[in-house]
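Peer 1: Adding 1 to a residue's 1-based position in the sequence shown gives its number in the working numbering.
Pasting in a structure now, in C-alpha coordinates, and then I'll have a few things to ask.
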Amino acid sequence: MHPKMTLQQLRDLMAVVEHGGFRAAARALHVSQGGLTKSLARFEKEHGVSLIERHAKGVILTPQGEEFVRYARSVLFEANRTEEWLRRVREPRAPCVRLGVSIEPTLKFVPAVLADFRRVQPDVTLKLKQSVATELVAGVRDNRLEFAVTRIPLHFDASDMHVDVLIETESVVVGRSNHPLASATELSELVNCDWVILGEQDLPGAHDETIWELFQEQSLGAPRIAAVTDSLFGVLSMLIESDCLARLPRSVVRHPLAQGLLTALPLKRPVRRYSIALVHKASQQLTPEARTLAAMLASFARLTRST
(Lines of atoms letter the chains of each structure in order from A and count residues from 1; the text may use other names and numbers.)
(Lines give C-alpha, C1' and ligand atoms only; values in the text may rest on other atoms or scores of the structure.)
Protein backbone atom coordinates (compact mmCIF):
# COMPACT_ATOMS: atom_id res chain seq x y z
CA MET A 1 0.00 0.00 0.00
CA HIS A 2 1.31 3.41 -0.96
CA PRO A 3 1.99 5.62 2.09
CA LYS A 4 -0.54 8.37 2.75
CA MET A 5 0.43 12.01 2.91
CA THR A 6 -0.56 13.94 6.02
CA LEU A 7 -1.30 17.62 6.60
CA GLN A 8 1.47 17.71 9.21
CA GLN A 9 4.02 16.62 6.62
CA LEU A 10 2.88 19.44 4.35
CA ARG A 11 3.09 21.91 7.24
CA ASP A 12 6.61 20.67 8.05
CA LEU A 13 7.68 21.19 4.45
CA MET A 14 6.16 24.67 4.20
CA ALA A 15 7.80 25.68 7.47
CA VAL A 16 11.22 24.70 6.12
CA VAL A 17 10.57 26.60 2.89
CA GLU A 18 9.15 29.73 4.53
CA HIS A 19 11.81 29.90 7.26
CA GLY A 20 14.70 29.12 4.90
CA GLY A 21 16.07 26.13 6.76
CA PHE A 22 15.48 23.27 9.17
CA ARG A 23 16.75 24.99 12.30
CA ALA A 24 14.46 28.02 12.05
CA ALA A 25 11.54 25.82 11.00
CA ALA A 26 12.07 23.50 13.96
CA ARG A 27 12.04 26.48 16.35
CA ALA A 28 8.82 27.78 14.78
CA LEU A 29 7.16 24.36 15.03
CA HIS A 30 8.57 23.66 18.51
CA VAL A 31 10.07 20.34 17.39
CA SER A 32 13.62 19.01 17.20
CA GLN A 33 15.69 19.83 14.13
CA GLY A 34 16.76 16.21 13.80
CA GLY A 35 13.20 14.95 13.92
CA LEU A 36 12.07 17.46 11.30
CA THR A 37 14.96 16.53 9.00
CA LYS A 38 14.19 12.82 9.30
CA SER A 39 10.48 13.41 8.76
CA LEU A 40 10.97 15.20 5.44
CA ALA A 41 13.69 12.79 4.30
CA ARG A 42 11.31 9.88 4.98
CA PHE A 43 8.54 11.65 3.09
CA GLU A 44 10.79 12.12 0.03
CA LYS A 45 11.90 8.49 0.15
CA GLU A 46 8.42 7.06 0.59
CA HIS A 47 7.02 9.05 -2.35
CA GLY A 48 10.09 8.89 -4.58
CA VAL A 49 10.53 12.65 -4.91
CA SER A 50 13.30 15.17 -4.27
CA LEU A 51 11.89 18.41 -2.92
CA ILE A 52 14.66 20.21 -1.03
CA GLU A 53 18.40 20.66 -1.46
CA ARG A 54 20.66 21.84 1.35
CA HIS A 55 23.13 24.67 0.71
CA ALA A 56 25.53 26.66 2.85
CA LYS A 57 23.05 29.54 3.16
CA GLY A 58 20.00 27.37 3.77
CA VAL A 59 17.73 25.26 1.59
CA ILE A 60 16.35 25.66 -1.92
CA LEU A 61 13.55 23.88 -3.69
CA THR A 62 14.27 21.46 -6.50
CA PRO A 63 12.18 21.80 -9.69
CA GLN A 64 9.95 19.04 -8.29
CA GLY A 65 9.78 20.94 -5.03
CA GLU A 66 8.76 24.19 -6.75
CA GLU A 67 5.84 22.44 -8.40
CA PHE A 68 4.84 20.42 -5.33
CA VAL A 69 4.87 23.46 -3.02
CA ARG A 70 2.23 25.19 -5.14
CA TYR A 71 -0.11 22.28 -4.55
CA ALA A 72 0.88 21.95 -0.90
CA ARG A 73 0.20 25.63 -0.23
CA SER A 74 -3.22 25.32 -1.86
CA VAL A 75 -4.09 22.23 0.18
CA LEU A 76 -3.01 23.86 3.43
CA PHE A 77 -4.96 27.01 2.66
CA GLU A 78 -8.13 24.98 2.18
CA ALA A 79 -7.39 22.91 5.28
CA ASN A 80 -6.81 26.06 7.33
CA ARG A 81 -9.99 27.60 5.96
CA THR A 82 -11.91 24.46 6.91
CA GLU A 83 -10.47 24.58 10.42
CA GLU A 84 -11.30 28.29 10.61
CA TRP A 85 -14.91 27.52 9.64
CA LEU A 86 -15.13 24.95 12.42
CA ARG A 87 -13.72 27.49 14.88
CA ARG A 88 -16.25 30.07 13.72
CA VAL A 89 -19.07 27.60 14.38
CA ARG A 90 -17.76 27.04 17.90
CA GLU A 91 -16.61 30.63 18.52
CA PRO A 92 -18.19 33.07 16.05
CA ARG A 93 -15.74 35.68 14.72
CA ALA A 94 -16.03 38.51 12.25
CA PRO A 95 -15.49 37.29 8.66
CA CYS A 96 -12.91 38.76 6.30
CA VAL A 97 -12.23 39.05 2.57
CA ARG A 98 -8.69 38.53 1.27
CA LEU A 99 -8.31 40.79 -1.74
CA GLY A 100 -5.30 41.43 -3.96
CA VAL A 101 -4.95 44.77 -5.77
CA SER A 102 -2.42 46.24 -8.18
CA ILE A 103 -1.61 49.96 -8.36
CA GLU A 104 -4.66 51.38 -10.11
CA PRO A 105 -7.27 49.54 -8.00
CA THR A 106 -5.36 50.57 -4.88
CA LEU A 107 -5.72 54.24 -5.78
CA LYS A 108 -9.12 54.23 -7.42
CA PHE A 109 -11.38 51.20 -7.04
CA VAL A 110 -11.07 50.06 -3.44
CA PRO A 111 -11.26 53.53 -1.82
CA ALA A 112 -14.35 54.32 -3.92
CA VAL A 113 -16.35 51.26 -2.77
CA LEU A 114 -15.01 50.82 0.76
CA ALA A 115 -17.56 53.08 2.46
CA ASP A 116 -20.52 51.44 0.67
CA PHE A 117 -19.15 47.97 1.41
CA ARG A 118 -18.80 48.83 5.10
CA ARG A 119 -22.43 50.00 5.19
CA VAL A 120 -23.60 46.70 3.70
CA GLN A 121 -21.10 44.46 5.53
CA PRO A 122 -20.11 46.36 8.71
CA ASP A 123 -18.68 43.24 10.39
CA VAL A 124 -16.39 42.21 7.51
CA THR A 125 -12.70 43.12 7.47
CA LEU A 126 -10.85 43.58 4.18
CA LYS A 127 -7.35 42.09 4.15
CA LEU A 128 -5.63 43.84 1.26
CA LYS A 129 -2.52 42.62 -0.53
CA GLN A 130 -1.00 45.28 -2.80
CA SER A 131 1.53 43.83 -5.22
CA VAL A 132 2.44 43.34 -8.87
CA ALA A 133 0.16 41.45 -11.23
CA THR A 134 2.07 38.17 -11.41
CA GLU A 135 2.28 37.87 -7.62
CA LEU A 136 -1.44 38.60 -7.23
CA VAL A 137 -2.42 36.00 -9.81
CA ALA A 138 -0.15 33.48 -8.04
CA GLY A 139 -1.88 34.37 -4.76
CA VAL A 140 -5.28 33.61 -6.27
CA ARG A 141 -4.04 30.32 -7.71
CA ASP A 142 -2.49 29.33 -4.36
CA ASN A 143 -5.68 30.33 -2.50
CA ARG A 144 -3.86 32.95 -0.47
CA LEU A 145 -6.27 35.48 -2.00
CA GLU A 146 -9.97 35.00 -2.72
CA PHE A 147 -9.77 37.24 -5.75
CA ALA A 148 -7.68 40.03 -7.22
CA VAL A 149 -8.35 43.27 -9.08
CA THR A 150 -5.27 43.67 -11.19
CA ARG A 151 -3.83 44.41 -14.59
CA ILE A 152 -3.64 41.34 -16.78
CA PRO A 153 -0.02 40.13 -17.01
CA LEU A 154 1.61 39.46 -20.36
CA HIS A 155 1.25 35.83 -21.51
CA PHE A 156 -1.49 35.27 -18.92
CA ASP A 157 -2.86 31.71 -18.85
CA ALA A 158 -6.51 32.12 -17.87
CA SER A 159 -7.49 28.48 -18.36
CA ASP A 160 -8.16 27.96 -14.64
CA MET A 161 -9.44 31.48 -13.92
CA HIS A 162 -12.62 33.49 -14.24
CA VAL A 163 -11.62 36.87 -15.67
CA ASP A 164 -13.97 39.85 -15.73
CA VAL A 165 -12.34 42.80 -17.53
CA LEU A 166 -13.34 46.01 -15.74
CA ILE A 167 -11.59 48.86 -17.58
CA GLU A 168 -8.92 49.59 -20.15
CA THR A 169 -6.18 51.93 -18.99
CA GLU A 170 -2.61 52.95 -19.87
CA SER A 171 0.81 53.42 -18.35
CA VAL A 172 3.08 56.43 -18.84
CA VAL A 173 6.65 57.42 -18.07
CA VAL A 174 6.62 59.51 -14.89
CA GLY A 175 9.11 61.91 -13.27
CA ARG A 176 9.01 64.84 -10.87
CA SER A 177 7.25 67.93 -12.19
CA ASN A 178 10.48 69.94 -12.53
CA HIS A 179 12.51 67.08 -13.98
CA PRO A 180 15.18 68.36 -16.41
CA LEU A 181 13.77 66.05 -19.11
CA ALA A 182 10.09 66.63 -18.33
CA SER A 183 9.47 67.79 -21.92
CA ALA A 184 11.16 64.79 -23.60
CA THR A 185 9.20 63.38 -26.53
CA GLU A 186 11.39 60.41 -27.44
CA LEU A 187 12.44 57.50 -25.26
CA SER A 188 15.94 57.77 -26.76
CA GLU A 189 16.36 61.03 -24.81
CA LEU A 190 16.01 59.04 -21.57
CA VAL A 191 18.61 56.31 -22.08
CA ASN A 192 21.00 57.85 -19.52
CA CYS A 193 18.33 58.28 -16.85
CA ASP A 194 18.01 56.09 -13.77
CA TRP A 195 14.79 54.10 -13.44
CA VAL A 196 12.76 52.84 -10.51
CA ILE A 197 10.81 49.63 -11.09
CA LEU A 198 7.68 48.73 -9.20
CA GLY A 199 7.82 44.95 -9.11
CA GLU A 200 9.18 41.88 -7.39
CA GLN A 201 12.72 42.44 -6.15
CA ASP A 202 13.83 38.97 -7.24
CA LEU A 203 12.56 39.36 -10.80
CA PRO A 204 13.40 42.88 -12.02
CA GLY A 205 12.21 43.49 -15.54
CA ALA A 206 9.87 40.52 -15.60
CA HIS A 207 6.69 42.58 -15.47
CA ASP A 208 4.88 44.79 -17.93
CA GLU A 209 4.88 47.66 -15.42
CA THR A 210 8.61 48.07 -16.03
CA ILE A 211 10.43 50.07 -18.66
CA TRP A 212 12.28 47.06 -20.03
CA GLU A 213 9.80 46.23 -22.78
CA LEU A 214 9.81 49.79 -24.13
CA PHE A 215 13.60 49.85 -24.33
CA GLN A 216 13.59 46.48 -26.09
CA GLU A 217 10.91 47.54 -28.58
CA GLN A 218 13.03 50.53 -29.63
CA SER A 219 16.36 48.66 -29.52
CA LEU A 220 17.79 51.01 -26.90
CA GLY A 221 19.65 48.38 -24.88
CA ALA A 222 19.07 47.88 -21.17
CA PRO A 223 17.66 50.66 -18.96
CA ARG A 224 19.70 51.83 -15.99
CA ILE A 225 17.85 50.37 -13.00
CA ALA A 226 18.43 52.36 -9.82
CA ALA A 227 15.95 50.53 -7.59
CA VAL A 228 13.33 47.77 -7.60
CA THR A 229 10.61 47.92 -4.97
CA ASP A 230 7.17 46.46 -4.36
CA SER A 231 6.10 49.63 -2.52
CA LEU A 232 4.17 52.29 -4.44
CA PHE A 233 4.99 54.81 -1.72
CA GLY A 234 8.67 53.98 -2.12
CA VAL A 235 8.49 54.62 -5.87
CA LEU A 236 6.71 57.95 -5.40
CA SER A 237 9.22 59.09 -2.78
CA MET A 238 12.18 58.32 -5.03
CA LEU A 239 10.59 60.04 -8.02
CA ILE A 240 9.77 63.20 -6.07
CA GLU A 241 13.20 63.46 -4.44
CA SER A 242 15.43 62.54 -7.41
CA ASP A 243 15.80 62.59 -11.19
CA CYS A 244 14.72 58.94 -11.45
CA LEU A 245 11.91 57.96 -13.79
CA ALA A 246 9.35 55.14 -13.63
CA ARG A 247 6.61 53.60 -15.71
CA LEU A 248 3.31 53.82 -13.86
CA PRO A 249 -0.44 53.97 -14.55
CA ARG A 250 -1.58 57.44 -15.62
CA SER A 251 -3.95 57.48 -12.66
CA VAL A 252 -0.93 57.85 -10.34
CA VAL A 253 -0.11 61.25 -11.82
CA ARG A 254 -3.75 62.35 -11.49
CA HIS A 255 -4.06 61.26 -7.87
CA PRO A 256 -4.36 64.15 -5.37
CA LEU A 257 -1.27 62.97 -3.50
CA ALA A 258 0.85 63.36 -6.67
CA GLN A 259 -0.72 66.37 -8.36
CA GLY A 260 1.82 69.12 -8.85
CA LEU A 261 4.64 66.81 -7.77
CA LEU A 262 4.77 64.31 -10.65
CA THR A 263 4.26 64.62 -14.39
CA ALA A 264 3.80 62.25 -17.32
CA LEU A 265 6.45 62.80 -19.98
CA PRO A 266 4.89 63.61 -23.42
CA LEU A 267 6.50 60.75 -25.34
CA LYS A 268 5.31 60.64 -28.97
CA ARG A 269 5.08 56.88 -29.19
CA PRO A 270 1.93 55.64 -27.44
CA VAL A 271 2.57 53.75 -24.24
CA ARG A 272 0.92 50.32 -24.11
CA ARG A 273 -2.68 50.11 -22.94
CA TYR A 274 -3.71 47.24 -20.72
CA SER A 275 -6.72 45.75 -18.99
CA ILE A 276 -7.69 45.85 -15.34
CA ALA A 277 -9.70 42.74 -14.46
CA LEU A 278 -11.31 40.97 -11.55
CA VAL A 279 -9.74 37.50 -11.33
CA HIS A 280 -10.69 34.48 -9.26
CA LYS A 281 -10.39 30.71 -9.54
CA ALA A 282 -12.99 29.22 -11.86
CA SER A 283 -13.21 26.06 -9.73
CA GLN A 284 -13.87 27.83 -6.45
CA GLN A 285 -16.91 29.80 -5.33
CA LEU A 286 -16.39 33.14 -3.65
CA THR A 287 -17.71 33.59 -0.14
CA PRO A 288 -20.91 35.68 0.12
CA GLU A 289 -18.88 38.60 1.47
CA ALA A 290 -16.37 38.37 -1.37
CA ARG A 291 -19.19 38.16 -3.94
CA THR A 292 -20.70 41.35 -2.54
CA LEU A 293 -17.40 43.19 -2.74
CA ALA A 294 -16.69 41.89 -6.25
CA ALA A 295 -20.11 43.05 -7.44
CA MET A 296 -19.52 46.52 -6.00
CA LEU A 297 -16.12 46.79 -7.69
CA ALA A 298 -17.58 45.69 -11.02
CA SER A 299 -20.43 48.18 -10.67
CA PHE A 300 -18.03 51.02 -9.93
CA ALA A 301 -15.97 50.05 -12.99
CA ARG A 302 -19.08 50.24 -15.20
CA LEU A 303 -19.83 53.72 -13.88
CA THR A 304 -16.21 54.73 -14.53
CA ARG A 305 -16.43 53.53 -18.15
CA SER A 306 -19.63 55.47 -18.77
CA THR A 307 -18.31 58.83 -17.51
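Every residue gets a Cβ at the ideal spot worked out from N, C-alpha and C, and that includes glycine.
With DSSP as the reference, label Ala296 as helix, strand or coil.
Peer 2: The residue given as residue 296 occupies position 295 in the sequence shown. Here Ala296 sits in helix by DSSP.
Peer 1: Is the region 144 to 152 close to the region 96 to 113, with three or more CB pairs under 8 Å?
Peer 2: Because the criterion of three Cβ pairs below 8 Å is met, the region 144 to 152 and the region 96 to 113 touch.
Peer 1: Tell me whether the beta-carbon of Ala228 lies closer than 8 Å to the beta-carbon of Val197.
Peer 2: The residue you call residue 228 lines up with position 227 of the sequence shown. The residue you call residue 197 lines up with position 196 of the sequence shown. Cβ atoms of Ala228 and Val197: closer than 8 Å.
Peer 1: Does Ala57 pass the burial test, meaning 16 or more other C-beta atoms within 10 Å, or should it be called exposed?
Peer 2: Position 56 of the sequence shown, counting from 1, holds the residue named residue 57. Label assigned to Ala57: exposed.
Peer 1: Any idea if Arg55 is buried or exposed, counting beta-carbon neighbours within 10 angstroms, 16 or more meaning buried?
Peer 2: Start at 1 with the first residue of the sequence shown, and residue 55 comes out as number 54. Looking at its Cβ environment, which holds fewer than 16 other Cβ atoms inside 10 Å, Arg55 is exposed.
Peer 1: Considering only their Cβ atoms, is the gap separating Thr151 from Val280 smaller than 8 Å?
Peer 2: Position 279 of the sequence shown, counted from the start, is the residue given in the question as residue 280. Position 150 of the sequence shown, counted from the start, is the residue given in the question as residue 151. Closer than 8 Å, so yes.
Peer 1: Let's test the definition: count the other Cβ atoms within 10 Å of the Cβ of Thr83 and tell me whether it reaches 16, buried, or not, exposed.
Peer 2: As a first step, residue 83 is located in the sequence shown; it is residue number 82 there, counting from the start. It is exposed - the Cβ of Thr83 has fewer than 16 other Cβ atoms within 10 Å.
Peer 1: Please state the DSSP three-state secondary structure of Gly261.
Peer 2: Stepping through the sequence shown from its first residue, residue 261 is reached at position 260. Reduced to three states, the DSSP call for Gly261 is coil.
Peer 1: Write down every uninterrupted run of the beta strand (DSSP E) in the region 19 to 106 whose length is 3 residues or greater and which is fully enclosed by it, in chain order.
Peer 2: Segments of the beta strand (DSSP E) lying fully in the region 19 to 106: 53 to 56, 59 to 62 and 97 to 102.
Peer 1: Going by C-alpha distance, which of Glu19, Glu105, Ala159 and Thr170 is nearest Arg142?
Peer 2: Working through the sequence shown from its first residue, we reach residue 142 at position 141. Here the closest residue by C-alpha is Ala159.
Peer 1: Would you say the region 240 to 260 touches the region 160 to 179, given that touching needs at least three Cβ pairs under 8 Å?
Peer 2: The region 240 to 260, when compared against the region 160 to 179, does touch it at the 8 Å Cβ threshold.
Peer 1: Quick check on the burial criterion: 16 or more other C-beta atoms within 10 angstroms. Buried or exposed for Thr135?
Peer 2: Locating residue 135 in the sequence shown gives position 134, where the first residue counts as 1. Buried, by the Cβ-count rule.
Peer 1: Looking at the unbroken alpha helix (DSSP H) that takes in Gln217, where does it start and where does it end?
Peer 2: Working through the sequence shown from its first residue, we reach residue 217 at position 216. Per DSSP, Gln217 belongs to the alpha helix (DSSP H) from Trp213 to Glu218.
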